[in-house]
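A.B. asks:
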Amino acid sequence: MADRANVTSIDELEKFRSRVIVYVERATQALDELTEDISRTRVWVKSDQRMHWEHEIKRRGRVLELAEADLRGARISSLGEATALHEARVKQAKMALKEAEEKRAIVRKWDRHYDGQVDPLMKQVNKLDNYLNTDMPKAIQFLTGAIKALADYAETAAPSLEDGAPAAPAPDDEEEAGSPEA
76 MADRANVTSI DELEKFRSRV IVYVERATQA LDELTEDISR TRVWVKSDQR
126 MHWEHEIKRR GRVLELAEAD LRGARISSLG EATALHEARV KQAKMALKEA
176 EEKRAIVRKW DRHYDGQVDP LMKQVNKLDN YLNTDMPKAI QFLTGAIKAL
226 ADYAETAAPS LEDGAPAAPA PDDEEEAGSP EA
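Per my numbering, the very first residue in the sequence shown carries number 76; after that it's consecutive.
Laid out in structure tokens, this is it:
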């Protein structure tokens, strides 16, 4: 460990402390936004999308029922061209319903796996958040104290011989004063 600190500029320490404060503020803001995004995404997957596709399945099911009823009506009236058109509408409605059911299945899969995928990452985010809100304020406080101590030290005048302070003996003087030969 060094016997003395090599501080060349208290202003540079103050700039560093200011940059640390800005970093903590920006990082905290970014983590807050990330947490909000994750929460919104969770609601979107578990609630909004699930309800959307449930509603779409019902709506598309009704469209299919109407198309099938129209097809039955066209067959009864034996309109050849109209029957082909109605069959195409039924086919299109079945495909739309199948698509909605597939999307609902995908959303259910996301719902089942979302927490398992996100929670381990959120633990890391929470650790960083704890570091930013617990350890970094302590570091900033330490820097503030160090800057104040260095500034106070820099303002004190070095003792001089004229102030009545005893002069420190030179290393050679101590040896001569303690030697029995004198």
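Just so it is clear, CB atoms sit at the ideal spot from N, CA and C, and this is done for glycine as well.
Take D186 and list the residues in its own chain whose beta-carbon comes closer than 7 Å to its own, dropping the five residues that flank it on each side.
C.D. replies: V120, K121 and R125
A.B. asks: Leaving aside the five residues before and after R179 along the sequence, list all residues of the same chain whose C-beta is less than 7 Å from its C-beta, in chain order.
C.D. replies: W128, E129 and I132
A.B. asks: Could you check if H188 is buried or exposed, using at least 16 other CB atoms within 10 Å of its CB as the buried criterion?
C.D. replies: exposed
A.B. asks: Hey, L203 and L106: beta-carbon distance below 9 Å or not?
C.D. replies: yes
A.B. asks: How big is the Cα-Cα spacing for E140 and L109?
C.D. replies: 44 Å
A.B. asks: Between V193 and I113, which are expected to be in contact by the criterion C-beta below 8 Å, what is the C-beta distance as a whole number of angstroms?
C.D. replies: 6 Å
A.B. asks: For L218 versus L88, is the C-beta spacing smaller than 9 Å?
C.D. replies: yes
A.B. asks: Beta carbon of E162, beta carbon of L146: below 9 Å?
C.D. replies: yes
A.B. asks: Taking the Cβ atom as the reference point for each residue, do E143 and A168 lie within a distance shorter than 9 Å?
C.D. replies: The answer is yes: Cβ separation under 9 Å.
A.B. asks: As a quick exercise: from D227, E111, Y228 and V138, pick the residue whose alpha carbon is nearest that of K166.
C.D. replies: V138
A.B. asks: I want to check one thing, is the minimum distance from the CB of Y189 to the heavy atoms of the ligand FMN below 8 Å?
C.D. replies: With respect to small molecules bound, the structure shown includes none, and the ligand FMN cannot be examined in it.
A.B. asks: With a CB to CB cut of under 7 Å and the five nearest residues on each side skipped, what residues in its chain are close to E176?
C.D. replies: I132
A.B. asks: Extract the residue ranges of the alpha helix (DSSP H) inside the region 114-181, only unbroken runs of 4 or more that lie entirely within it.
C.D. replies: 125-151
A.B. asks: State the DSSP-derived secondary structure class of S84, mapped to helix, strand or coil.
C.D. replies: coil
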